[in-house]
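Read through the structure below, which is laid out as structure tokens, and then see the notes.
There are 2 protein chains.
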Amino acid sequence: MPRSQTTKKPTRIQREKTQAILEAALDVFSDFGFRGSTIDMIAARAGLSKPNILYYFDNKEAIHKTLLAELLQTWLDPLHQIDEAGDPIEEICGYVAQKLKMAREFPRESKLFANEILQGAPHILPEIEGELKELTSLKAKVVKSWITAGKLADIDPYHLFFSIWATTQHYADFDIQVRSVLGDGSDPFDTAGPFLDKMYRTMLRP
Amino acid sequence: MPRSQTTKKPTRIQREKTQAILEAALDVFSDFGFRGSTIDMIAARAGLSKPNILYYFDNKEAIHKTLLAELLQTWLDPLHQIDEAGDPIEEICGYVAQKLKMAREFPRESKLFANEILQGAPHILPEIEGELKELTSLKAKVVKSWITAGKLADIDPYHLFFSIWATTQHYADFDIQVRSVLGDGSDPFDTAGPFLDKMYRTMLRP
DNA sequence: ATATTTTTTGACTATATGGTCAAGTATTGT
DNA sequence: ACAATACTTGACCATATAGTCAAAAAATAT
Chain A
8 MPRSQTTKKP TRIQREKTQA ILEAALDVFS DFGFRGSTID MIAARAGLSK
58 PNILYYFDNK EAIHKTLLAE LLQTWLDPLH QIDEAGDPIE EICGYVAQKL
108 KMAREFPRES KLFANEILQG APHILPEIEG ELKELTSLKA KVVKSWITAG
158 KLADIDPYHL FFSIWATTQH YADFDIQVRS VLGDGSDPFD TAGPFLDKMY
208 RTMLRP
Chain B
8 MPRSQTTKKP TRIQREKTQA ILEAALDVFS DFGFRGSTID MIAARAGLSK
58 PNILYYFDNK EAIHKTLLAE LLQTWLDPLH QIDEAGDPIE EICGYVAQKL
108 KMAREFPRES KLFANEILQG APHILPEIEG ELKELTSLKA KVVKSWITAG
158 KLADIDPYHL FFSIWATTQH YADFDIQVRS VLGDGSDPFD TAGPFLDKMY
208 RTMLRP
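The listed protein sequences correspond, in order, to chains A and B. End of the first sequence = 213 in this note's numbering, gap-free, step of one. End of the second sequence = 213 in this note's numbering, gap-free, step of one.
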């Protein structure tokens with residue numbers, strides 16, 4: 008029985024099935040949120056039976072938690088990469104570009120995160136209050152030091168990060184609104200990048 | 008039987024109970040989304056029984072639709088108020104301030120909207136593709152004319168609106184993340200206003 | 001080829017959920 | 001005061017949902 012298996016090397020079938028389940032679950036959870044999704048939906052999307060899903064994962068929440076854990080492993084990468092030794096405006100604008108790229112390439116992950124936050128972050132609040140807060144605090148200090156050195160405009164580092172998160176994740180989370188309002192079938196990300204780059208460069212110039 | 012009543016003048020009890028139900032439903036739907044909420048939750052929050060809820064509204068979806076309809080009545084007000092005859096930067100920054108004020112005063116409505124959009128806007132897509140799209144198109148033309156007249160920096164009006172929506176609604180929708188990251192118990196809206204004002208003024212300066 | 005282990009799933013259980021109903025209570029109208 | 005209407009809800013129903021189980025099928029090891 009492979010559920011909660013932690014010691015044996017996973018079999019070929021286990022590797023394949025858990026990936027298929029997680030892939031299907033990401034689709035479903037990103038659209039409907041944790042509470043709004045059912046194991047039957049995930050099973051249907053994965054092309055498996057419900058008991059088969061539960062053969063690989065203890066329960067619905069275990070699937071969700073696995074997805075969130077995977078998400079959190081890479082969610083903070085771009086923020087980690089801000090380099091105090093780098094050029095401030097290039098570092099920040101590079102961060103913006105990275106975040107937008109993540110929104111573009113991993114829209115379901117972004118929506119998974121948004122759904123989780125909207126419901127009060129019941130499953131990831133420790134990580135929000137821990138790793139994210141500490142990392143953001145660390146990078147805010149870096150930004151502050153750049154400002155003090157006269158290399159950046161005098162702005163609030165925390166709100167800078169909030170705005171960057173908002174303006175990049177928005178293209179994934181509010182995708183249907185963005186595309187509907189544009190209405191011309193164009194890919195919003197094509198023009199979002201230059202727009203955001205310009206906005207932040209202009210604002211950050213000391 | 009007052010359900011679906013459209014002609015008689017509502018009684019005192021009807022007015023009181025429908026308001027109590029909608030107030031409770033807004034709490035629940037904004038936290039859990041439509042699919043993640045139950046009539047029992049709404050009933051508990053309203054201090055009523057489930058059959059009593061269903062005495063006033065046909066079904067769960069009717070409650071949700073009523074809330075969305077109420078939301079949409081005021082959601083676009085700030086955008087309507089952008090005046091082509093006004094000072095461009097003041098008009099845009101006034102709009103930003105209005106949107107932030109709405110996020111601050113009506114966070115549950117903002118989250119209701121976000122939940123709806125995240126799930127593909129199943130109930131309000133007609134309004135998104137209709138009124139919102141047309142109004143945004145109209146105001147984008149206004150912004151375009153200001154740019155052409157040399158009164159605003161040359162930026163993409165649509166992405167300007169997307170950014171304004173993102174950076175203002177973020178404080179309501181991602182409230183728990185914002186407050187956790189700040190971690191000092193301060194009200195993020197206090198410092199968000201000046202930050203956003205400065206960011207947009209700087210960026211919009213021609 | 002056979003034994004062992006893993007995987008699969010139809011049938012099932014317990015609980016949750018949306019919604020109904022009839023009868024009692026409360027409110028309103030006369 | 002009484003009649004009529006509105007309101008309330010415990011009990012209930014039908015379906016949905018999370019999850020279990022035992023047996024059969026498939027895969028793997030020998």
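Glycine included, C-beta positions come from ideal geometry on N, C-alpha and C.
The beta-carbon separation of residue 171 of chain B and residue 106 of chain B, rounded to 6 angstroms, stays under the 8 angstroms limit for a contact. Burial of residue 71 of chain B is indicated by the presence of at least 16 other C-beta atoms within 10 angstroms of its C-beta. In the three-state reduction of the DSSP assignment, residue 83 of chain A falls in the coil class. Put simply, the CB of residue 117 of chain B is far from chain A, with every gap to its CB atoms at 7 angstroms or more.
The continuous stretches of alpha helix (DSSP H) do not include residue 64 of chain B, and DSSP gives it neither H nor E. Runs of alpha helix (DSSP H) with 4 or more residues, each lying fully within the region 103-177 of chain B, are found at 114-125 and 140-155, listed in chain order. Comparing alpha carbon positions, the residue from A:42, A:161 and A:88 closest to residue 122 of chain A is A:42. Between residue 63 of chain A and residue 18 of chain A, the C-beta gap is not smaller than 7 angstroms, which leaves the two residues out of contact. Exclusion of the five residues before and after residue 57 of chain A leaves 46, 47 and 50 as the residues of its chain whose Cβ lies within less than 7 angstroms of its Cβ. With contacts defined by Cβ atoms closer than 7 angstroms, residue 210 of chain A and residue 209 of chain B form a contacting pair. Between residue 66 of chain B and chain A, the shortest Cβ-Cβ separation is not below 7 angstroms. Residue 19 of chain B: member of the alpha helix (DSSP H) spanning 19-43, first to last residue. Taking residue 158 of chain A as reference, the option from A:179, A:212 and A:111 with the minimal CA-CA separation is A:212. In the three-state reduction of the DSSP assignment, residue 46 of chain A falls in the helix class, which pools H, G and I.
Per the coordinates, the alpha-carbon of residue 180 of chain B lies some 6 angstroms from the alpha-carbon of residue 125 of chain A. Taking a beta-carbon distance threshold of 7 angstroms, residue 103 of chain B does not count as an interface residue toward chain A. The beta-carbon distance between residue 204 of chain A and residue 128 of chain A, rounded to whole angstroms, is 30 angstroms. This is too long to meet the 8 angstroms contact definition. A:116 is the residue among A:116, A:142 and A:144 whose C-alpha sits nearest the C-alpha of residue 38 of chain A. Apart from the 5 residues on each side of it in sequence, residue 147 of chain A sits with its Cβ closer than 6 angstroms to the Cβ of 164 and 165 in its chain, given in chain order. Residue 191 of chain A counts as exposed, since fewer than 16 other beta carbons sit within 10 angstroms of its beta carbon.
Against chain A, the CB of residue 136 of chain B has a partner CB under 7 angstroms away; the residue lies at that interface. When Cβ-Cβ separations below 7 angstroms define contact, residue 59 of chain A makes no contact with chain B. Rounded to the nearest whole angstrom, the C-alpha separation of residue 23 of chain A and residue 111 of chain A is 26 angstroms.
Comparing C-alpha distances from residue 75 of chain A to each of A:100, A:119, A:52 and A:53 shows the shortest one belongs to A:119. Chain B has a Cβ within less than 7 angstroms of the Cβ of residue 121 of chain A.
Looking at the backbone, the Cα of residue 33 of chain B and that of residue 16 of chain A are separated by about 48 angstroms. Below the 9 angstroms Cβ cutoff, chain A contributes no neighbours of residue 150 of chain B, its closest Cβ being approximately 13 angstroms away.
In this structure, residue 53 of chain B sits near residue 28 of chain B, with a CB-CB distance shorter than 7 angstroms. Residue 114 of chain B is positioned such that its CB atom lies no closer than 7 angstroms to that of residue 102 of chain B.
Counted as a single uninterrupted DSSP element, the alpha helix (DSSP H) harbouring residue 201 of chain A occupies residues 195-211. Look at residue 35 of chain A: its C-beta is not under 7 angstroms from any C-beta on chain B. Collapsing the DSSP output to three states places residue 187 of chain B in a helix. Along the region 172-202 of chain A, going in chain order, the ones with a CB nearer than 9 angstroms to a CB of chain B are 172, 173, 174, 175, 176, 177, 178, 180, 181, 182, 183, 184, 185, 187, 188, 189, 190, 195, 198, 199, 201 and 202. Check the Cα spacing between residue 206 of chain A and each of B:131, B:161, B:194 and B:65: the tightest is with B:161. Taking each of A:199, A:154 and A:31 in turn and checking the Cα distance to residue 95 of chain A, the smallest one comes out for A:154.
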